[in-house]
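Position in the sequence shown (from 1) plus 15 gives the number in my numbering.
Beta carbons are placed, not taken as given, at the ideal position from N, Cα and C, and that holds for glycine.
This one's a predicted model, so the numbers in the text were calculated from it and none came from an experiment.
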Amino acid sequence: MPATATTAPPTPTPPPSSSAADNGDASVAFDESKLIITGGSRFVALDDPDVLGASEADYLSDDALIMGISQNGESRAYPVAMARYHHVINDVVGGQPVTVTY
16 MPATATTAPP TPTPPPSSSA ADNGDASVAF DESKLIITGG SRFVALDDPD VLGASEADYL
76 SDDALIMGIS QNGESRAYPV AMARYHHVIN DVVGGQPVTV TY
């Protein structure tokens, strides 16, 4: 059987290089005095919230929405109404720092 010639696959064309672009210093100075907050003030995070037992939380209705966490044998329940106001809750549960966001 005669030998057959094979051709190598074509070399792919490399993508265009961006080496000609001068990105320079891409950092931008930030002037907080020019920051405009719409719709009121910034969120105020709730740090180290008071802890109540379930029987002491009588201000909550039976159908109140809560977010809960259980860690290392300790549990917390954060009312969604409270989280809706603060948006960020920083706490320690089961000896570990946690951040709850809403």
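Looking at the structure shown, is residue i part of a helix, part of a strand, or coil, going by DSSP?
i: V95; result: helix
i: S76; result: coil
Between residue i and the rest of its own chain, which residues show a CB-CB distance below 7 angstroms, the 5 nearest in sequence each way excluded?
i: H101; result: F58, V59, A60, L61
i: D65; result: none
i: G88; result: G109
If I follow the unbroken beta strand (DSSP E) through residue i, where does it start and stop?
i: T26; result: T26 -> no beta strand (DSSP E), and no H or E assigned at all.
i: S85; result: 81-86
i: P112; result: 111-116
i: D106; result: 103-108
Cutting at 8 angstroms between CB atoms, please list the residues of its own chain near residue i, excluding the five before and the five after it.
i: D63; result: N105, D106, V107
i: A79; result: P94, V95, A96
i: Q111; result: Q86, N87
Output needed for residue i: all residues of its chain with C-beta closer than 6 angstroms, excluding positions within five of it in sequence on either side, in chain order.
i: R91; result: I84, V108
Assuming residue i contacts residue j (C-beta within less than 8 angstroms), just tell me the rounded distance between them.
i: A98; j: V115; result: 7 angstroms
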